[in-house]
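Chemist:
Number of protein chains: 4
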Amino acid sequence: MSDLDIATLQRRLIDFAEAREWGPYHTPKNLAMALSVEASELAEIFQWLTPEESADVMSDPDKAFRVRDEVADVMAYLLQLAGACGVDVLQALAEKIERNEMRFPPGPAKPR
Amino acid sequence: MSDLDIATLQRRLIDFAEAREWGPYHTPKNLAMALSVEASELAEIFQWLTPEESADVMSDPDKAFRVRDEVADVMAYLLQLAGACGVDVLQALAEKIERNEMRFPPGPAKPR
Amino acid sequence: MSDLDIATLQRRLIDFAEAREWGPYHTPKNLAMALSVEASELAEIFQWLTPEESADVMSDPDKAFRVRDEVADVMAYLLQLAGACGVDVLQALAEKIERNEMRFPPGPAKPR
Amino acid sequence: MSDLDIATLQRRLIDFAEAREWGPYHTPKNLAMALSVEASELAEIFQWLTPEESADVMSDPDKAFRVRDEVADVMAYLLQLAGACGVDVLQALAEKIERNEMRFPPGPAKPR
Numbered sequence: 029m030s031d032l033d034i035a036t037l038q039r040r041l042i043d044f045a046e047a048r049e050w051g052p053y054h055t056p057k058n059l060a061m062a063l064s065v066e067a068s069e070l071a072e073i074f075q076w077l078t079p080e081e082s083a084d085v086m087s088d089p090d091k092a093f094r095v096r097d098e099v100a101d102v103m104a105y106l107l108q109l110a111g112a113c114g115v116d117v118l119q120a121l122a123e124k125i126e127r128n129e130m131r132f133p134p135g136p137a138k139p140r
Numbered sequence: 029m030s031d032l033d034i035a036t037l038q039r040r041l042i043d044f045a046e047a048r049e050w051g052p053y054h055t056p057k058n059l060a061m062a063l064s065v066e067a068s069e070l071a072e073i074f075q076w077l078t079p080e081e082s083a084d085v086m087s088d089p090d091k092a093f094r095v096r097d098e099v100a101d102v103m104a105y106l107l108q109l110a111g112a113c114g115v116d117v118l119q120a121l122a123e124k125i126e127r128n129e130m131r132f133p134p135g136p137a138k139p140r
Numbered sequence: 029m030s031d032l033d034i035a036t037l038q039r040r041l042i043d044f045a046e047a048r049e050w051g052p053y054h055t056p057k058n059l060a061m062a063l064s065v066e067a068s069e070l071a072e073i074f075q076w077l078t079p080e081e082s083a084d085v086m087s088d089p090d091k092a093f094r095v096r097d098e099v100a101d102v103m104a105y106l107l108q109l110a111g112a113c114g115v116d117v118l119q120a121l122a123e124k125i126e127r128n129e130m131r132f133p134p135g136p137a138k139p140r
Numbered sequence: 029m030s031d032l033d034i035a036t037l038q039r040r041l042i043d044f045a046e047a048r049e050w051g052p053y054h055t056p057k058n059l060a061m062a063l064s065v066e067a068s069e070l071a072e073i074f075q076w077l078t079p080e081e082s083a084d085v086m087s088d089p090d091k092a093f094r095v096r097d098e099v100a101d102v103m104a105y106l107l108q109l110a111g112a113c114g115v116d117v118l119q120a121l122a123e124k125i126e127r128n129e130m131r132f133p134p135g136p137a138k139p140r
């Protein structure tokens, strides 16, 4: 894991958008829409792959580049949306894991 | 910003899935699909809101809870997918910001 | 195939929305967002299924109901969006098939 | 509305896929994933538009072409998925409208 930190990257994304005057476009609604579009572009890489091919996706350099690129796009919009809504992503995730630990007891189960 | 760190949360997600024996379900393809579904659930909160209402979404306690909850779900699947593919999310994002700084010169422009 | 026709159903959807005064909500942007959300709800039914289980999805009455229900929701928003944009869905599809017949020569190939 | 009919177009889509030997790729799961991806590509056209710009989307010839093209793609995958699951799209929609007429009494209300 790199020693980059999430707050610094979130700051760079804000500066990047401000330098291009994207404020009026970056409503929470539009950022949520863009996040969903990027998540679909990530899914698209996998849509015709068998489960086995999908497990091996990173052995294809072109697909590996696209996976990294789309993971970055999803993360970028997630951080921008969270910033616009005042949500601390890691805190929200920690709380969700705690709720899930109560909802789903350990042991074999189908995920939901 | 909380002092939680992303590697610790990623580890907790792995442990959580292992304790429930979700390994066979968590192919990169299925995780990408689940990520896209969660991103749409986040978008759904905003779908009938005006831009102004969307900017004010966190003033409604019920919607604010849903936003935090779905942001957490998107982050959870993004980290699990990235882990399954050996992608360092923050590194990928830093590289993408650098590519974007070359592609989009600063100054007013419509986002793409 | 039923003898229902698409124009009649499109008309019923318009009447339904008008009776509830949904006009201001039903911008093309919001309808496109709602369509995408419904398509994800349809995908969600399949997200943890193996290819084999997905081929057999309709043998489970609960899943079969959900598939029919979400197919209907996708169709409803597609017809409403197309109506709002003045697009004839069947005409657009016929033209797209013709373009695809030129782009993809017959013979074994991976879909894109 | 054109005098094309849905059953004929559904037949052409089947023939098209068979001629390219896409059967193994066209599981219900993969078709649902592809449908969701295409619905997001349609949403992407609208993501940075204001409500007013979205209402006027068809006055831009490039965007108008993309809207028609993506509407066709969504319809194509919806018909293929419905065919693979034995669902009659128009019948499913008619039944859903009837359920909605019972769930949502006429009169002003926010859509859900």
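Chains as they are written, first to last, in the working numbering: chain A, 29 to 140; chain B, 29 to 140; chain C, 29 to 140; chain D, 29 to 140.
Glycine included, each C-beta is placed from N, C-alpha and C at the ideal position.
Computed from a predicted structure; not experimentally measured.
1) Label aspartate 101/D either buried or exposed according to how many other C-beta atoms from any shown protein chain fall within 10 Å of its C-beta, with 16 as the threshold for buried.
2) Taking the C-alpha atoms as reference points, what is the distance between leucine 109/D and arginine 40/A?
3) Label arginine 131/A either buried or exposed according to how many other C-beta atoms from any shown protein chain fall within 10 Å of its C-beta, with 16 as the threshold for buried.
4) Of all the CB atoms in chain A, is at least one closer than 8 angstroms to the CB of phenylalanine 93/C?
5) To the nearest angstrom, how far is the alpha carbon of glycine 146/A from that of glutamine 75/A?
6) Any C-beta of chain C sitting closer than 8 angstroms to the C-beta of isoleucine 42/D?
7) Since serine 64/C meets chain A, which of its residues come closer than 9 angstroms, beta carbon to beta carbon?
8) Would the stretch 60-68 of chain A count as touching the stretch 39-59 of chain B if we require 3 or more Cβ pairs under 8 angstroms?
9) Buried or exposed: arginine 15/C, going by 16 or more other Cβ atoms within 10 Å of its Cβ?
10) Count the other CB atoms, across all protein chains shown, that sit within 10 Å of the CB of threonine 36/A; report buried if there are 16 or more and exposed otherwise.
11) Check distances from the C-beta atoms of the stretch 68-89 of chain C to those of chain B and list, in chain order, the residues that come in under 8 angstroms.
12) Looking at the C-beta of lysine 138/B, does it have a partner C-beta in chain D at a distance below 8 angstroms?
13) Comparing alpha-carbon positions, which option in Ala137/A, Pro133/A, Asp97/A, Gln119/A lies nearest glutamate 72/A?
14) So what does DSSP say about tyrosine 105/B, is it helix, strand or coil?
15) From valine 99/C to valine 95/B, what does the alpha carbon distance come to, in whole angstroms?
16) So tyrosine 53/C contacts chain B; which residues on that side make the cut at Cβ distance below 8 angstroms?
17) Helix, strand or coil for glutamine 75/B, going by three-state DSSP, please let me know.
18) Excluding the 5 residues preceding and the 5 following glutamate 80/D in the sequence, name in chain order all residues of the same chain whose CB lies nearer than 7 angstroms to its CB.
19) Considering aspartate 43/D, what are the terminal residues of the alpha helix (DSSP H) in which it resides?
20) Are any of the Cβ atoms in chain D nearer than 8 angstroms to that of alanine 122/C?
21) Mind checking whether methionine 86/D and leucine 106/C have CB atoms under 8 angstroms apart?
22) Given this structure, state the Cα-to-Cα distance separating proline 52/C from glutamine 38/B, to the nearest angstrom.
23) Do you know how far the Cα of leucine 32/C is from the Cα of alanine 120/D?
24) Within 8 angstroms of any Cβ in chain C, is that where the Cβ of glutamine 108/D sits?
25) Does DSSP classify glycine 114/A as helix, strand or coil?
26) With a Cβ-Cβ cutoff of 8 angstroms, do serine 64/A and serine 64/C count as a contact?
27) Pull up the distance between the alpha-carbon of aspartate 88/D and that of proline 136/B, whole angstroms please.
28) Could one say the Cβ of asparagine 128/C lies closer than 8 angstroms to chain B's Cβ atoms, at least one of them?
29) What is the C-beta distance between proline 127/C and proline 134/D, in whole angstroms, given that I count them as a contact (C-beta under 8 angstroms)?
30) Would glycine 114/C count as contacting chain D if we go by Cβ distances under 8 angstroms?
31) In angstroms, rounded to a whole number, what distance separates the CA positions of glycine 114/D and proline 56/D?
32) Please decide whether proline 56/A counts as near chain C, where near means a Cβ-Cβ distance under 8 angstroms.
33) With a 10 Å radius around its C-beta and 16 neighbouring C-beta atoms as the bar for buried, classify glutamate 129/B as buried or exposed.
34) Beta-carbon within less than 7 angstroms of glutamate 66/D's beta-carbon, same chain only, minus the 5 sequence neighbours each way: which residues are those?
35) Within this structure, are the beta carbons of isoleucine 34/D and leucine 118/C separated by less than 8 angstroms?
Modeler: With the given structure in hand:
1) buried
2) 42 angstroms
3) exposed
4) In terms of beta-carbon proximity, phenylalanine 93/C stays away from the interface with chain A, with every pair separated by 8 angstroms or more.
5) Missing from the structure shown is residue 146/A; chain A here goes from 29 to 140 and no further.
6) no
7) Met61, Ser64, Val65, Ser68
8) no
9) With chain C covering 29 to 140 only, the question about residue 15/C has no answer from this structure.
10) Threonine 36/A comes out exposed.
11) Ser68, Glu69, Ala71, Glu72, Phe74, Gln75, Trp76
12) So, interface residue.
13) Asp97/A
14) helix
15) Rounded to the nearest angstrom, the two C-alpha atoms are 26 angstroms apart.
16) Ordered by position in chain B, the residues that pass the 8 angstroms Cβ test against tyrosine 53/C are Trp76.
17) coil
18) none
19) 34-47
20) yes
21) It is not a contact, given that the beta carbons lie outside the stated cut-off.
22) 43 angstroms
23) Between alanine 120/D and leucine 32/C, the C-alpha separation is close to 11 angstroms.
24) False, the Cβ-Cβ gap to chain C never drops below 8 angstroms.
25) coil
26) Here serine 64/A is near serine 64/C, since their CB atoms are less than 8 angstroms apart.
27) 21 angstroms
28) no
29) The sequence as given places arginine at residue 127/C; proline does not occur at that position. That belief does not hold up - the Cβ atoms of arginine 127/C and proline 134/D are roughly 41 angstroms apart, past 8 angstroms.
30) Chain D, which has a Cβ nearer than 8 angstroms to the Cβ of glycine 114/C, makes this yes.
31) Rounded to whole angstroms, the separation of the alpha carbons of proline 56/D and glycine 114/D is 11 angstroms.
32) Not one chain C Cβ lies under 8 angstroms of proline 56/A.
33) exposed
34) Glu98, Asp101, Val102, Tyr105
35) yes
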